[in-house]
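Enquirer: Got a structure for you, questions after.
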Amino acid sequence: AALYQDALQTYQSLGRKYPDWQPGVVRFRISYCTNQIAAIVTMYEAGQKAPAPSSAAIEVAATAEPLLDPDDIVATGRALLLKGDPDNARVALLQGLQRDPDNERIRTFLAVSQCQAGRYDDAVLIAEQLVVDAPSNSMAHVVLGTARMGLGQTTEAEAEIRKAIELDPSSAAAHFNLAQILIMRDPPDVESAGKAYQAALQLGTSPDPAMEKKLER
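Per the numbering used here, residue 9 is the first one in the sequence shown, and the count goes up by one each step.
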């Protein structure tokens with residue numbers, strides 16, 4: 009906890025002294041340290057011990073040096089996300105971010121890892137700055153829209169998803185997310201949601217029984 013506190017104070021000082029240097033990254037690190045301190049305090053108060061690093065986390069750390077190429081870093085993070093392991097994906101991607109803090113793909117997948125872990129506030133911090141730095145990055149808009157959905161901000165989420173489709177009409181994820189948003193409306197826009205879902209299927213999205221059941225209403 010003391011080490012996280014030291015890191016937190018360092019990042020806060022950095023943010024004050026150099027407010028224009030990677031503000032999204034700095035805000036994310038501040039949020040991460042704050043969350044870690046809160047988690048440690050909660051465990052301490054409950055009389056629990058902090059969990060030991062998993063074997064996968066140790067393996068990722070052990071391979072840190074060979075992961076010099078951004079493509080390797082992204083591939084490692086993506087593989088871990090596909091396995092449903094966002095925490096270890098974040099470990100690998102943060103290592104990559106230290107080496108190349110401006111890399112769009114690493115930052116994008118880092119935001120994805122935060123979404124997958126349910127840390128939507130952190131995902132928004134990363135993705136918001138990314139769409140400022142790279143406004144034509146359609147995937148960044150998809151991730152920001154997804155994070156907004158997770159926070160229940162459907163209007164803002166829809167705007168981001170529609171921007172993603174405008175930038176890349178072939179984005180299956182964007183069309184599927186749009187279908188989700190439209191079916192969540194009150195009342196649901198079943199017709200428009202169905203069109204968005206069909207577009208997602210045509211672009212390669214796997215059929216989603218839960219969505220199809222909602223569209224049957």
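By construction, the Cβ of each residue, glycine as well, lies at the ideal position given by its N, Cα and C atoms.
Starting from ARG98, trace the alpha helix (DSSP H) both ways and give me its first and last residue.
Expert: Within the sequence shown, numbered from 1, the residue matching residue 98 stands at position 90. Counting along the chain, the alpha helix (DSSP H) containing ARG98 begins and ends at 94 to 107.
Enquirer: Please say whether TYR205 and GLY158 have beta carbons closer to each other than 8 Å?
Expert: Within the sequence shown, numbered from 1, the residue matching residue 158 stands at position 150. Within the sequence shown, numbered from 1, the residue matching residue 205 stands at position 197. Contact: no.
Enquirer: Is THR162 helix, strand or coil when you go by DSSP?
Expert: Along the sequence shown, one-based indexing puts residue 162 at 154. THR162: helix per DSSP, three-state reduction.
Enquirer: Once the 5 residues before and after ILE173 are set aside, which same chain residues still bring their CB inside 6 Å of it?
Expert: In the sequence shown, the residue the question calls residue 173 occupies position 165. Result list for ILE173: ALA182, in chain order.
Enquirer: For the stretch 162 to 214, list the alpha helix (DSSP H) runs that are entirely contained and at least 4 residues long, ordered along the chain.
Expert: DSSP runs (the alpha helix (DSSP H)) wholly in the stretch 162 to 214: 162 to 175, 180 to 191, 198 to 210.
Enquirer: Starting from the C-beta of THR154, find all residues in its chain whose C-beta is less than 7 Å away, skip the five residues before and the five after it, and write them out in chain order.
Expert: Sequence index remark: in the sequence shown, residue 154 carries index 146 (1-based). Same-chain partners within the cutoff: CYS123, ASN185.
Enquirer: Taking 8 Å as the threshold, find out whether the stretch 132 to 147 comes into contact with the stretch 89 to 108 through three or more Cβ pairs.
Expert: Judged by Cβ distances under 8 Å, the stretch 132 to 147 makes no contact with the stretch 89 to 108, as fewer than three pairs qualify.
Enquirer: Ordered along the chain, which non-local residues of its own chain (more than five positions away) have a Cβ less than 6 Å from that of GLN30?
Expert: If you number the sequence shown from 1, residue 30 lands on position 22. Cβ neighbours of GLN30 beyond the five flanking positions: PRO109.
Enquirer: Just to check my reading of the structure: ALA97 and LEU88 have Cβ atoms closer than 8 Å, yes? What is that Cβ distance to the nearest angstrom?
Expert: By one-based count along the sequence shown, residue 97 stands at place 89. By one-based count along the sequence shown, residue 88 stands at place 80. Yes, ALA97 and LEU88 are in contact; Cβ-Cβ is about 4 Å, under 8 Å.
Enquirer: If you reduce the DSSP assignment to three classes, tell me which class ALA125 lands in.
Expert: Taking the sequence shown and counting its residues from 1, one reaches residue 125 at position 117. Three-state result, ALA125: coil.
Enquirer: Using only the alpha-carbon positions, how far apart do ARG156 and LEU11 sit?
Expert: On the sequence shown, position 148 is the one that residue 156 refers to. On the sequence shown, position 3 is the one that residue 11 refers to. Roughly 31 Å between the two C-alpha positions.
Enquirer: When the distance is taken between beta carbons, is LEU209 closer than 8 Å to PRO215?
Expert: Translated into the one-based positions of the sequence shown, residue 215 becomes position 207. Translated into the one-based positions of the sequence shown, residue 209 becomes position 201. Contact: yes.
Enquirer: Please return the same chain residues whose Cβ sits closer than 6 Å to the Cβ of ALA228, not counting the five positions on each side in sequence.
Expert: Since the first residue shown for the chain is 9 and the last is 225, residue 228 is missing from the structure and cannot be characterised.
Enquirer: How many angstroms separate the CA atom of ALA180 from the CA atom of GLY160?
Expert: Numbered from its first residue, the sequence shown carries residue 180 at position 172. Numbered from its first residue, the sequence shown carries residue 160 at position 152. Looking at the two C-alpha atoms, the distance is approximately 22 Å.
Enquirer: Grab me the residues of ASP197's own chain with a C-beta within less than 7 Å of its C-beta, minus the 5 sequence neighbours each way, in chain order.
Expert: Numbered from its first residue, the sequence shown carries residue 197 at position 189. Correct list, in chain order: LEU190.
Enquirer: When DSSP labels each residue in this structure, what does GLU224 get in the three-state scheme?
Expert: One-based indexing of the sequence shown puts residue 224 at position 216. GLU224: coil per DSSP, three-state reduction.
Enquirer: What whole-angstrom Cβ distance do SER178 and LEU152 have, given they're in contact under 8 Å?
Expert: Position 170 of the sequence shown, counting from 1, holds the residue named residue 178. Position 144 of the sequence shown, counting from 1, holds the residue named residue 152. The Cβ separation is near 19 Å, so there is no contact.
Enquirer: Identify, in the order they occur along the chain, each residue of the same chain with its Cβ nearer than 6 Å to the Cβ of VAL68, setting aside the five sequence neighbours on each side.
Expert: What you label residue 68 is simply residue 60 of the sequence shown in a count that begins at 1. Note that VAL68 scores a pLDDT of 42, beneath 50, so its modelled location is shaky; the value from the coordinates is reported in the next line. So the list reads ASN96, VAL99, ALA100, once near-sequence residues are dropped.
Enquirer: Output needed for ALA201: all residues of its chain with C-beta closer than 6 Å, excluding positions within five of it in sequence on either side, in chain order.
Expert: As a position in the sequence shown, residue 201 is number 193, starting the count at 1. For ALA201, where only same-chain residues beyond five positions count, the Cβ hits under 6 Å are ALA187, LEU190, ILE191.
Enquirer: Would you mind giving the Cβ-Cβ distance between GLY85 and SER144, rounded to the nearest angstrom? I have them listed as a contact below 8 Å.
Expert: If you number the sequence shown from 1, residue 85 lands on position 77. If you number the sequence shown from 1, residue 144 lands on position 136. In fact, because the Cβ distance is near 22 Å, the residues do not count as touching under 8 Å.
Enquirer: Specify the secondary structure class of ALA9 as computed by DSSP and reduced to three states.
Expert: Indexing the sequence shown from 1 puts residue 9 at position 1. Coil.
Enquirer: What are the boundary residues of the alpha helix (DSSP H) that GLN44 is part of?
Expert: Here residue 44 refers to the residue found at position 36 when the sequence shown is read from its first residue. Its alpha helix (DSSP H) spans residues 31 to 53.
Enquirer: So what's LYS25 in DSSP terms, helix, strand or just coil?
Expert: Within the sequence shown, the letter at position 17 stands for residue 25. Of the three classes helix, strand and coil, the one that applies to LYS25 here is helix, per DSSP.
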